[in-house]
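The block underneath contains the structure these notes are about, expressed in structure tokens.
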Amino acid sequence: MVETPPHQDTPTGPGYLPIAEHGLIGDLRSVALVGTNGTIDWYCCPSFDAPSVFAAILDAERGGSFELTASVPARTKQFYFPDTNVLITRFYTEEGVGEVQDFMPVTSESDASARHRLIRRVLCVRGSVPFRTKVAPRFDYGASPHTARMVGDVALFESAERSLALTATVPLECDEVDVWADFKLDEGESEVFALDQVDGEVTARPCARQEAEDEFATTVAYWRRWLSQSRYRGRWREMVHRSALTLKLLTYAPTGAIVAAPTTSLPEQLGGERNWDYRYVWIRDAAFCVYALLRLGFTGEAKAFMQFVTRYISPGDGNPSGPLQIMYGIDGRTELTEHELPHLEGHQKSAPVRVGNAASDQLQLDIYGALIDSIYLYDKWAEPISSSQWDDVCALVDWVCDNWDQPDEGVWETRGGRKNFLYSRLMCWVAIERAIRLANRRGLPADLPHWLKCRDTIYRRIMDRGWSAKRQAFVQYEGSDVLDAALLMMPLAKFIAPTDPKWLSTLDALTEELVSDSLVYRYNPQASPDGLRGDEGTFSICSFWYVEAMVRAGRVDEARLAFEKMLTYANHLGLYAEEIGRTGEQQGNFPQAFTHLALISAAFNLDKALG
């Protein structure tokens, strides 16, 4: 749990909490970020990639927020109700202790038209505490005007595209734009605020205290029932289960999509331009998520993603960048045009704020290995894939056999031109090798002589041109001497023995150049220009890959220490953004699926090695 002192400006400036000072709630369609000060400053409705309603995290003045906090100086602590995604923020004042319970009820997982409800219960648990609330939505990323009016006891916020209704058990005041209230609670008393999507003909629902209590109990029961499927019984159960619960929050239940992160444009460096929209389905990230969830026994989520792949991702699409895009919308759409929102100043004035993602047109050959590896594991651990799914796999593998030696943009989506990236070659090898395994195990029809020849050719190419005699290490791309943390996947993907002298030499080189107190940089942008200005922090998935690579190399004590250190960089709730800055601050979109799935894998394999 985190504790914040009373009435102290954050070190990042007035108006903004640091990225890490947030918890996450959601209903498998969208999420809200709740600050340790009790303010919701990120919420998109009705889905992950819809325009924001609250976006104060991207512009403290124009973004909009839902404030609910003690109206006197207070220390705060934040934690999750055990084994759930119900968030509790506590306020410690001189006169008493109060808390806000934030959650979003999970309705039918498959119903795409299900309504969204955000419930905030506020209670006084000791003494008495005065509270204040201010609900200030700003629709369409703060670009669309709206009106607010009272309809009986309900506050109705209406814009051209979206309408929301706020029901509360306290009297509300309204100025035609925002709504607010001040109230005081004595020990044992509670009040309720419920924000509903009320588009079309839907009318606002009441949310009295008893109904909110019932919704709370139902939501707690849902998350605990889901988590009870986990097979993990290892040393780091709390962190692994928090990561699993977070990955589940990043799934879009109506289609089975898994988003890379639920936010856009949170900066990789304050004041820098490395700000991207991650509210989409990256084939790579989602496929790795399937691996992590299968490891823990969550076959339902893996099956849902496989259905997403089957329904929306056709190898016959004929895109110029290959049969697969690197990312898709949560509804399977392929058009993700990137544009900037100049009216928003960005988190901590880190412009630009971007919506959409131009990287969707890039060629990234590694995605074929990630996807086919996840299909192979699903067939092995969950249920056999269908004949039509196998036909799609064959079409993808045949394309990889014909195209693996193209230069591409690589796993890190650099905008500095295409190169012959070693990681891309590695994952093309994985794509073919896993398909061969699957064909042999199931006796499925395949052009095995051709596949075997291509697989072996890629292997020889990597060993020949991917090795630098000067660096005594495998390198980022052919003909270079640049190191790349993505190569930590070489033993994890079973391309090279984890104790092979060439690999151990590479691991030593990576440790010397890219590792800082167990934290791992992706690459050195000065040595390998990526087409972007500014620096970035260490990349958290790489830090967990590093742990796993050391485990497999037999350096178990070092791996355990690195893993324990990495856990200290999580926020107070066990959540990670994409990167970690020089002084330990979270950077980039938050929370990030990539990091949490790598934590699960590292914990699983470290447990196994420790016995």
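Under my numbering, the first residue of the sequence shown carries the number 536, and numbering increases by one thereafter. Don't be surprised by glycine CBs; every beta carbon is placed ideally from N, CA and C. These numbers come from a predicted model, not from an experiment.
DSSP state of residue i mapped onto helix, strand, coil
i       : result
Tyr813  : coil
Val621  : coil
Lys1005 : coil
Met1085 : helix
Ile1115 : strand
His1107 : coil
Glu746  : helix
Met685  : strand
Val641  : coil
Arg857  : Here residue 857 turns out to be Gly, not Arg, going by the sequence shown. Gly857: strand per DSSP, three-state reduction.
Cys579  : strand
Phe956  : strand
Gln883  : helix
Lys612  : strand
Pro540  : Residue confidence is low: Pro540 scores 43 on pLDDT, short of 50, so the model does not pin down where it sits. Its coordinate-derived value is still stated next. Correct three-state label for Pro540: coil.
Thr754  : helix
Val1050 : strand
Ser587  : strand
Ser765  : coil
Tyr903  : helix
Val965  : helix
Strand pairing of residue i, partner residues [DSSP]
i       : result
His1131 : DSSP, once it has assigned bridges, lists no residue as partnering His1131.
Thr574  : Glu602
Leu699  : Phe692, Gln732
Ile560  : Ala567
Val664  : Leu720
Trp715  : Lys669, Glu708
Glu634  : Arg625, Leu658
Tyr1056 : Tyr1056 pairs with nothing; no bridge assigned.
Gln941  : DSSP lists no partner for Gln941.
Gln1122 : Glu1114
Glu875  : Arg889
Arg868  : Partner(s): none; Arg868 has no beta bridge.
Straight-line Cα distance separating residue j from residue i
i       : j       : result
His557  : Gln899  : 32 Å
Leu720  : Ala609  : 15 Å
Thr611  : Phe626  : 5 Å
Gln1011 : Asp618  : 41 Å
Gly631  : Pro665  : 9 Å
Arg744  : Ser856  : 54 Å
Arg661  : Ser725  : 12 Å
Ile1135 : Ala1044 : 26 Å
Leu1054 : Phe1074 : 7 Å
Pro1126 : Tyr1111 : 5 Å
Glu722  : Val670  : 25 Å
Phe843  : Gln1007 : 42 Å
Arg673  : Val566  : 16 Å
Glu1120 : Ser778  : 19 Å
Asn1106 : Cys936  : 43 Å
Val1017 : Asp820  : 24 Å
His681  : Ile993  : 58 Å
Trp817  : Ala1133 : 15 Å
His776  : Ser765  : 8 Å
Phe840  : Arg960  : 25 Å
Arg990  : Ser922  : 23 Å
Arg814  : Ser582  : 10 Å
Gln1061 : Leu1049 : 13 Å
Ser679  : Leu568  : 21 Å
Leu1145 : Lys1029 : 21 Å
Asp926  : Leu983  : 14 Å
Arg1090 : Gly951  : 36 Å
Thr545  : Ile592  : Residue placement at Thr545 is flagged as unreliable, the pLDDT there being 37, under the threshold of 50; a coordinate-derived value is accordingly withheld.
Arg667  : Trp715  : 7 Å
Trp934  : Leu979  : 18 Å
Thr624  : Asp1052 : 32 Å
Ala703  : Val794  : 32 Å
Val607  : Thr628  : 7 Å
Gly835  : Cys824  : 12 Å
Ser600  : Gly550  : 11 Å
beta-carbon residue i near the ligand MN non-hydrogen atom, thresh 7 Å
i      : result
Asp576 : In the structure shown, the ligand MN is absent, as is every other ligand, since no ligand is present at all.
Check your understanding: If you pair each beta-carbon of the segment 574-585 with each one of the segment 677-688, do three or more pairs fall below 8 Å?
Key -> no
Practice item. Note down, one range per segment and in chain order, each alpha helix (DSSP H) of at least 4 residues found wholly within the segment 767-843. Key: 772-784, 818-831
Exercise for review: Evaluate contact between the segment 886-905 and the segment 856-871, counting only Cβ atoms and requiring at least three cross-stretch pairs below 8 Å.
Suggested key: yes
Check your understanding: Is the segment 1090-1100 in contact with the segment 751-761, if contact means three or more CB pairs nearer than 8 Å?
Key -> no
Review point. So, do the segment 947-966 and the segment 901-919 have three or more beta carbon pairs nearer to each other than 8 Å?
Key: yes
Review point. Is the segment 879-887 in contact with the segment 795-803, if contact means three or more CB pairs nearer than 8 Å?
Key: yes
**Study point:** the segment 1079-1098 touching the segment 1031-1038, judged by at least three CB pairs closer than 8 Å
**Key:** yes
**Study point:** Unbroken stretches of the beta strand (DSSP E), 3 residues or longer, contained in the segment 979-1037
**Key:** none
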